[in-house]
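Residue numbering for the sequence shown follows our numbering, beginning at 265 and increasing consecutively.
We put the CB at the ideal spot given by N, CA and C, even for glycine.
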Amino acid sequence: MLQPNVEKVTPSTRVGIIDLKDKVRAAKFSNFGHSVSHMLDHMNDTYLEITKSGGSYENFIMDLFNALLSSRNIIFNDCIQRTKDEWEVGKDFDADKIIATSIEMYNNMVRQKIWKTQDSSTSKIVVLTAQVKILEDKLKKGASSYNSNDNSTKPRQFLEVAKWRKTKSFGLSTNKDGRQCHWCSINHNKGNGMYVTHKEEDHGKFLIRKSSNSSSILDLYLLSFCVRYLIGLPFFCSTYFLL
Numbered sequence: 265m266l267q268p269n270v271e272k273v274t275p276s277t278r279v280g281i282i283d284l285k286d287k288v289r290a291a292k293f294s295n296f297g298h299s300v301s302h303m304l305d306h307m308n309d310t311y312l313e314i315t316k317s318g319g320s321y322e323n324f325i326m327d328l329f330n331a332l333l334s335s336r337n338i339i340f341n342d343c344i345q346r347t348k349d350e351w352e353v354g355k356d357f358d359a360d361k362i363i364a365t366s367i368e369m370y371n372n373m374v375r376q377k378i379w380k381t382q383d384s385s386t387s388k389i390v391v392l393t394a395q396v397k398i399l400e401d402k403l404k405k406g407a408s409s410y411n412s413n414d415n416s417t418k419p420r421q422f423l424e425v426a427k428w429r430k431t432k433s434f435g436l437s438t439n440k441d442g443r444q445c446h447w448c449s450i451n452h453n454k455g456n457g458m459y460v461t462h463k464e465e466d467h468g469k470f471l472i473r474k475s476s477n478s479s480s481i482l483d484l485y486l487l488s489f490c491v492r493y494l495i496g497l498p499f500f501c502s503t504y505f506l507l
């Protein structure tokens, strides 16, 4: 029954039919705003145009499945894949039934607000990019607090130790430039002692605080670097990281 139709198709018409089939095969959700109904209407209209021109399209159902599986919605894709698997092992599905079922499923998912147009990898990148922003805000905040706290473990202006700090000339405590300093002889100035921001009896707490602050900031720094690396974001070693 197919042969007479083929013989009636002129060469120019045959070329037109090939072009129409290429249009169907090229159909992807991204070309139709991720709308199932718009894409399937386009594919069905093109199929009807092929048949009206005297052509046939034996692979139309396969191309329907391929187009439907270009969805970025995991739930929808799973349902389509199961239907395709049943069709491939011999269960009878016609194109009209596949189209109607797919549109109905799409409309239901839109109403339930579970129709997603981002694939899982894109969603992960969006989430991870937001996480990087949060981490780096924490780093900035931590560095600012670390530098401004009167009880900070970072020496700040003491990077070059002032001479007055190395000599116990002011007793156990003194106020210098609005900063309360205390004499501590434990592990400072090569064991000779110096004026610092903690009391000698609090030297143990100072070490714990120093270790905690340094490790937590370093952990955030390393995590931010790793996340940026994994999702391909540029990494800039800003000065606030260098504590």
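Inter-stretch contact at 8 angstroms, needing at least 3 Cβ pairs: the stretch 336-354 / the stretch 304-316: The stretch 336-354 makes no contact with the stretch 304-316, as fewer than three CB pairs between them are under 8 angstroms.
Does the distance from the CB of H467 to the CB of C448 come in under 8 angstroms? Translated into positions along the sequence shown, residue 467 becomes position 203. Translated into positions along the sequence shown, residue 448 becomes position 184. Against a cut-off of 8 angstroms, the Cβ pair of C448 and H467 comes out as a contact.
Report the partner residues of P458 according to the DSSP bridge assignment. Translated into positions along the sequence shown, residue 458 becomes position 194. At residue 458 the sequence reads Met, which differs from the Pro that was named. For M458, which the question treats as bridged, DSSP gives the partners C448.
S335 versus N341 - alpha carbon distance: Position 71 of the sequence shown, counted from the first residue, corresponds to residue 335. Position 77 of the sequence shown, counted from the first residue, corresponds to residue 341. One C-alpha to the other measures close to 6 angstroms.
Residue from V279, S433 and I339 whose Cα sits closest to the Cα of N536: Past the boundaries of the shown model lies residue 536; the chain is included only from 265 to 507, so the question cannot be answered.
Would V270 be called buried (16 or more neighbouring beta carbons within 10 Å of its own) or exposed? Counting from one through the sequence shown, the residue named residue 270 turns up at place 6. With a pLDDT of 43 at V270, under the threshold of 50, the predicted position of this residue should be treated as unreliable, though the coordinate-derived value follows. Exposed, since its Cβ has fewer than 16 Cβ neighbours within 10 Å.
Output yes or no for whether 8 angstroms exceeds the beta carbon distance between A331 and A291. Start at 1 with the first residue of the sequence shown, and residue 331 comes out as number 67. Start at 1 with the first residue of the sequence shown, and residue 291 comes out as number 27. Closer than 8 angstroms, so yes.
Could you tell me the alpha carbon to alpha carbon distance between K318 and G280, rounded to whole angstroms? Position 54 of the sequence shown holds residue 318. Position 16 of the sequence shown holds residue 280. First, the amino acid is wrong: residue 318 is Gly here, not Lys. Between G318 and G280, the C-alpha separation is close to 11 angstroms.
Give the list of continuous alpha helix (DSSP H) stretches no shorter than 4 residues that lie fully inside the stretch 284-364. Counting whole runs of 4 or more residues, the stretch 284-364 contains the alpha helix (DSSP H) stretches 300-316, 324-332 and 338-352.
On the DSSP bridge list, what partners appear for T438? Within the sequence shown, residue 438 is the residue found at index 174, counting from 1. Paired residues: C445.
Can you find the residues in the same chain that come closer than 6 angstroms, C-beta to C-beta, to D283, ignoring five residues on each side of it along the sequence? Taking the first residue of the sequence shown as position 1, residue 283 is located at position 19. If we look at D283 and ignore the five residues flanking it on each side, it has no Cβ neighbours.
Y370 and V300 - do their beta-carbons sit closer together than 8 angstroms? Working through the sequence shown from its first residue, we reach residue 300 at position 36. Working through the sequence shown from its first residue, we reach residue 370 at position 106. Yes, the Cβ-Cβ distance between V300 and Y370 is below 8 angstroms.
Look at the alpha carbon of S412 and the alpha carbon of R443, and state the distance between them as a whole number of angstroms. Here residue 412 refers to the residue found at position 148 when the sequence shown is read from its first residue. Here residue 443 refers to the residue found at position 179 when the sequence shown is read from its first residue. At S412 the pLDDT is 49, less than 50, meaning the model places this residue with poor confidence; the figure from the coordinates comes in the next sentence. When rounded, the distance between both Cα atoms is 11 angstroms.
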